[in-house]
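Everything below concerns the one structure shown next.
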Amino acid sequence: MLQQDLDGENDAIARYIARVGQAEELHMYHLAQQLRNILAVEQEHAMDLEQALGK
Ligand SMILES: [Fe+2]
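Residue 28 is where the sequence shown starts when you use the numbering used here, and the numbers rise one by one after that.
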């Protein structure tokens, strides 16, 4: 179950990274920054899960 949660977090992280790139391509820098903030939270979640899984 934790591994599934981690997989979900990693999927979300990959998607947010792609969205940040798209926002910057469109010169929507405020949106890109908001997405980065969300991305940082998702990365923290992934790190917490990795720690819980002993990785
Ligand atoms: Fe999350």
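Backbone N, C-alpha and C fix where the C-beta goes; we use that ideal spot for every residue, glycine too.
Let me know the secondary structure DSSP gives residue i once reduced to three states.
i	result
His54	coil
Gly81	coil
Met28	coil
For residue i, I'd like the list of residues in its chain whose CB is within less than 8 Å of its CB, leaving aside the five on either flank, ordered along the chain.
i	result
Ala5	Any property of residue 5 remains undetermined from this structure, which presents the chain solely from 28 to 82.
Glu77	Leu33
Among residues of its own chain, excluding the 5 on either side of residue i, which ones have a beta-carbon nearer than 6 Å to its beta-carbon?
i	result
Ala59	Val47, Ala50 and Glu51
Nearest CA to the CA of residue i: which residue from the options?
i	options	result
Ala41	His72, Met74 and Leu66	Leu66
Tyr43	Met28, Arg63 and Gly35	Arg63
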